[in-house]
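Student:
Protein chains in written order, with our numbering: chain A, 2 to 149; chain B, 2 to 149.
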């Protein structure tokens, strides 16, 4: 489906969705965080058509979220690895995960937890805070022009 | 495009994307946070086809992200308002916004800032922390089964 590109939008949310908002893209990024690197690994994990996977990978590479490198084992395979820009998507994935955990799972249904490796304890829920540390909700916010 | 539903997936990220991962859905939620309520307001803001907007709104309502109510001015219009579940998507939108701000805008290009109403200062970047307050990055995490 052709659609209006959002890449020059002034809204950072729209511009972000232009890069990672296609169906499958964030699941590819999730898998990359989980250590998957090869076309076949992503395909097996996600079960999507090869042409779509290849289009999604190409777009993520062109936007600098993933980079392509030689296989770590010296074989002829190409590998897709998160760049620093890609690794910064961690917070987005954690936000999606925590919303799902809270809003889409029944009590006792969740069977995979995201934990801090050192303590083995679940990570803290993300909180939006002001510079001086107050917790902020939707009604505490507004957007202002930088030239205001 | 028909595709595998992810609504019974064990991964909370996949399940979340099943609800809000369609193209346009998060921009509709963003607009709802900005106070838009009517079909025509969303349509004008987003410039998408009416049939797609109507499908997206229906899906967000069916998943309890938006609810439909009578117009606040007593007219015959229907209004779409975020539920509590919808309002919890704030963190997801802020995470998308902050990634975009950091990774997709040139120096000086950003002209809309998200600020704390009380202080007028930009909100703090989201941070992933452990229960005891340490900042966590991708390499500090793992997923574990709840039955482990």
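We put the CB at the ideal spot given by N, CA and C, even for glycine.
(1) Between residue 31 (chain B) and chain A, is any beta-carbon pair separated by less than 8 Å?
(2) Just curious, the beta strand (DSSP E) that residue 70 (chain A) is in, first and last residue?
(3) So residue 69 (chain A) and residue 131 (chain B) are in contact, right, with Cβ under 8 Å, and what is the actual spacing, rounded?
(4) For residue 102 (chain A) and chain B, any beta-carbon pair shorter than 8 Å?
(5) Please tell me whether residue 3 (chain A) has its Cβ less than 8 Å away from any Cβ of chain B.
(6) Among B:111, B:89, B:44, B:15, which one has its Cα closest to the Cα of residue 1 (chain A)?
(7) If you draw a straight line from the alpha carbon of residue 82 (chain B) to that of residue 109 (chain A), how long is it in whole angstroms?
(8) Buried or exposed, going by whether 16 or more other CB atoms sit within 10 Å of the CB of residue 136 (chain A)?
(9) Report yes if the CB atom of residue 58 (chain A) is closer than 8 Å to the CB atom of residue 28 (chain A), and no otherwise.
(10) Is any beta-carbon of chain B found at less than 8 Å from that of residue 37 (chain A)?
(11) For a minimum of 3 consecutive residues, which ranges assigned as the beta strand (DSSP E) are wholly contained in the region 82 to 142 of chain B?
(12) For residue 70 (chain A), decide whether its Cβ has a neighbour in chain B, counting only Cβ atoms nearer than 8 Å.
(13) Given this structure, state the Cα-to-Cα distance separating residue 63 (chain B) from residue 103 (chain B), to the nearest angstrom.
(14) Quick check on residue 146 (chain A): does DSSP put it in helix, strand or coil?
(15) Residues bridged to residue 80 (chain B) by DSSP?
(16) If I measure Cβ to Cβ from residue 139 (chain A) and keep anything under 7 Å in the same chain, skipping five residues before and after, which residues do I get?
Tutor: Well, looking at it:
(1) As a working note, residue 31 (chain B) is residue 30 in the second chain. So yes, residue 31 (chain B) belongs to the interface.
(2) Position 69 of the first chain, counted from the first residue, corresponds to residue 70 (chain A). Unbroken beta strand (DSSP E) run through residue 70 (chain A): 67 to 71.
(3) Reading the first chain from its first residue, position 68 is the one you call residue 69 (chain A). Reading the second chain from its first residue, position 130 is the one you call residue 131 (chain B). Incorrect: roughly 33 Å between the Cβ atoms, too far for contact.
(4) On the first chain, position 101 is the one that residue 102 (chain A) refers to. Yes, its Cβ sits closer than 8 Å to a Cβ of chain B.
(5) Residue mapping note: residue 3 (chain A) aligns to position 2 of the first chain, counting from 1. Confidence is the limiting factor: at residue 3 (chain A) the pLDDT is only 47, short of 50, which leaves the residue's position unreliable, though a coordinate-based value still follows. No, no contact with chain B.
(6) With chain A running from 2 to 149 in the structure shown, residue 1 (chain A) is simply not present.
(7) By 1-based counting over the second chain, the position of residue 82 (chain B) is 81. By 1-based counting over the first chain, the position of residue 109 (chain A) is 108. One C-alpha to the other measures close to 30 Å.
(8) Counting from one through the first chain, the residue named residue 136 (chain A) turns up at place 135. Counting Cβ neighbours within 10 Å, residue 136 (chain A) comes out exposed, since fewer than 16 surround it.
(9) Within the first chain, numbered from 1, the residue matching residue 58 (chain A) stands at position 57. Within the first chain, numbered from 1, the residue matching residue 28 (chain A) stands at position 27. Against a cut-off of 8 Å, the Cβ pair of residue 28 (chain A) and residue 58 (chain A) comes out as no contact.
(10) Counting from 1 along the first chain, the entry for residue 37 (chain A) is found at position 36. Closer than 8 Å: no.
(11) Complete beta strand (DSSP E) runs here, min 3: 113 to 117.
(12) As a position in the first chain, residue 70 (chain A) is number 69, starting the count at 1. Not an interface residue.
(13) Numbered from 1 along the second chain, position 62 holds the residue referred to as residue 63 (chain B). Numbered from 1 along the second chain, position 102 holds the residue referred to as residue 103 (chain B). Each residue's alpha carbon lies about 34 Å from the other.
(14) Counting from 1 along the first chain, the entry for residue 146 (chain A) is found at position 145. Correct three-state label for residue 146 (chain A): strand.
(15) On the second chain, position 79 is the one that residue 80 (chain B) refers to. The partner list for residue 80 (chain B) (beta bridge, DSSP) reads B:70.
(16) Within the first chain, residue 139 (chain A) is the residue found at index 138, counting from 1. Correct list: empty, nothing qualifies.
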